[in-house]
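Heads up, the thing below is written out as structure tokens.
Residue numbers (our numbering): 48 to 647.
Here is the structure:
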């Protein structure tokens, strides 16, 4: 049943959505022309049998010339064969067109998703986006591949029947026209009710998909805390909502067929009654009446299918709206009209009175003002929620500042091309993401054309080469989905090698040694010391050695810079840093006691 309080109203933007969808269809003019041509040929051949029947009865049955009936029969068989060929061509061309259109739409959606800013993904649900790219796109494919051709064919059939009947006798044509308003009214009423119903179906399916994906990704946590029963109930509720939406749509659809049968029954009765009367009075021939009744029976298919296609179309419109909602979302971070390519930076980074908020209400960063000189290592420390990650995410323009500027070598990053900026920034996160590919492919992701020697060199710097070489197939070893076959430390080192291969001028590290053992961390310290000397580096610090060696330490609290300076200077100042220093000491390498094999 439909949830109480929910009202299904027609979508006022349906016509605009259909026009927009048709723009994609018309982007394949040759296929459209082929489809329309085969539809017209198939429809014309479909209209031939009743006309041949009328011709045969009036000329050869009533005229008592049976020797010509075999020619009529042969003509009807030939017509059926030709219609079968035309139907095949129509179906094949329609599906070819549908696949082309959906390929265009799906590719455009994917390209647009890659352009959207991080703020979009902060609120979007991955399962819902997947549903739009897959299930909603497939709904459009069914519409373009089936309904598009069928609706045209059925409209041609309805018009063609009216034309032939009117040609036989204008009074029969007028009788036929009397029923057309009832057909149109029925179709429009049906479409107006079923369209929003199927919109509800698409939304509940997207919610169901999103919940399922989230639960599968978090199955370990669900089992760990014993929440299986609760999750079963939640999933059942979403599944029941999807069932209710489908049942509501099916209820509306089920009312269509009884009406169609009643309407066609009325047309047939009128044809027999009035046509019979005209035949008795000698005003029309018996063949015309038989042909009219034959055409009345043929109307069952177009009227019935048109109702079904309205249902398909309603689903397609609902799906198209969801897809177009994504395409209409403008990226918050994008190139300015006069953006230029960022020159190879020396590495000076200036935060000039920067303010930033995620929700336009609460400041995540306030009045951030400092300069990092080329080649400096800047450690960022502070309590949880102080704004450390937010600060470093502003450098590659994952988000744009609300006030203030960030300059690299004097270039305002808001005025340079985003792609050229991010090519100069390398980031190693505390929880790196790896693709379900080989070790080599993951390391060379940022530079697919990198040579084997370059890949090995970066792997050595990240202290992951020896581990990879010890595997049965070395660098060709698959890492599994999201790096499931690797420990936390191994994933971090692989991600570090991936970033180093791009040779960024600016390096951002969310403490890449937080999940490695003592021996490996000591080696990585030496490697990172060499790497960091050559580039400006920002480190979100969790380990004491990183802070002590930094050229500049920025202490954040509540989105503000509380202190800034070197380690000894800040310790002696006795402020917030001296308080945090004790907790940083607790995370020093001396306390790391687990072995490499225990990282996982």
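Ideal Cβ positions, reconstructed from N, Cα and C, are used throughout, including at glycine.
Reduced DSSP category for residue i - H, G, I as helix; E, B as strand; rest coil
| i | result |
| --- | --- |
| residue 75 | coil |
| residue 152 | helix |
| residue 413 | strand |
| residue 474 | strand |
| residue 60 | coil |
| residue 371 | helix |
| residue 459 | strand |
| residue 511 | coil |
| residue 387 | strand |
| residue 534 | coil |
| residue 213 | helix |
| residue 176 | helix |
| residue 494 | coil |
| residue 397 | strand |
| residue 96 | helix |
| residue 243 | helix |
| residue 551 | coil |
| residue 42 | Any answer about residue 42 is impossible in this case: the structure gives the chain only from 48 up to 647. |
| residue 129 | helix |
| residue 70 | helix |
| residue 556 | strand |
| residue 643 | Low confidence applies to residue 643: its pLDDT is 35, below 50, so where it sits in the model is not reliable enough to give any reading. |
| residue 349 | helix |
| residue 228 | helix |
Span separating the alpha-carbon of residue i from that of residue j
| i | j | result |
| --- | --- | --- |
| residue 594 | residue 499 | 34 Å |
| residue 472 | residue 256 | 35 Å |
| residue 600 | residue 375 | 42 Å |
| residue 161 | residue 155 | 10 Å |
| residue 60 | residue 372 | 12 Å |
| residue 619 | residue 629 | 13 Å |
| residue 187 | residue 195 | 10 Å |
| residue 433 | residue 608 | 9 Å |
| residue 464 | residue 288 | 45 Å |
| residue 158 | residue 181 | 15 Å |
| residue 587 | residue 260 | 31 Å |
| residue 364 | residue 179 | 13 Å |
| residue 331 | residue 322 | 8 Å |
| residue 623 | residue 411 | 19 Å |
| residue 506 | residue 416 | 36 Å |
| residue 627 | residue 617 | 11 Å |
| residue 93 | residue 359 | 23 Å |
| residue 191 | residue 311 | 28 Å |
| residue 212 | residue 366 | 39 Å |
| residue 50 | residue 198 | Below a pLDDT of 50, predicted positions are generally treated as unreliable, and residue 50, at 37, falls in that range; the measurement from the model is reported next regardless. Cα to Cα, residue 50 sits roughly 32 Å from residue 198. |
| residue 217 | residue 70 | 39 Å |
| residue 514 | residue 483 | 18 Å |
| residue 379 | residue 446 | 8 Å |
| residue 55 | residue 245 | Any answer about residue 55 is weak, because its pLDDT of 39 lies below 50 and its placement is not dependable; what the coordinates show is given next. For residue 55 and residue 245, the distance between alpha carbons rounds to 10 Å. |
| residue 524 | residue 485 | 5 Å |
Exposure label - residue i; buried when at least 16 CB within 10 Å
| i | result |
| --- | --- |
| residue 645 | For residue 645, the predicted model reports a pLDDT of 33, less than 50, meaning its position is unreliable; a value from the coordinates is still stated below. Exposed, because fewer than 16 other Cβ atoms sit within 10 Å of the Cβ of residue 645. |
| residue 489 | buried |
| residue 266 | exposed |
| residue 66 | exposed |
| residue 557 | buried |
| residue 175 | buried |
| residue 424 | buried |
| residue 82 | buried |
| residue 546 | buried |
| residue 409 | exposed |
| residue 168 | exposed |
| residue 128 | exposed |
| residue 290 | exposed |
| residue 215 | buried |
| residue 284 | exposed |
| residue 435 | buried |
| residue 277 | exposed |
Check: residue i C-beta below 6 Å from any heavy atom of the ligand MN
| i | result |
| --- | --- |
| residue 176 | The ligand MN is not among the ligands present in this structure, which contains no ligands whatsoever. |
Whole runs of the beta strand (DSSP E) within the segment 399-457, excluding any shorter than 3 residues
410-419, 424-428 and 450-455
What runs of the alpha helix (DSSP H), each 4 residues or longer, lie entirely inside the segment 281-335?
303-327
The segment 413-432 / the segment 597-608 touching (three or more Cβ pairs under 8 Å):
yes
Where are the alpha helix (DSSP H) runs, 4 residues long or more, that stay fully inside the segment 570-625, in chain order?
591-595 and 614-620
Any contact between the segment 509-526 and the segment 549-556? By contact I mean 3 or more CB pairs, one from each, below 8 Å.
no
For the 8 Å Cβ check, are there 3 or more pairs between the segment 117-131 and the segment 92-105?
yes
Segments assigned beta strand (DSSP E), at least 3 residues, entirely inside the segment 186-212:
none
Three or more C-beta pairs under 8 Å: does that hold for the segment 451-466 against the segment 395-408?
yes
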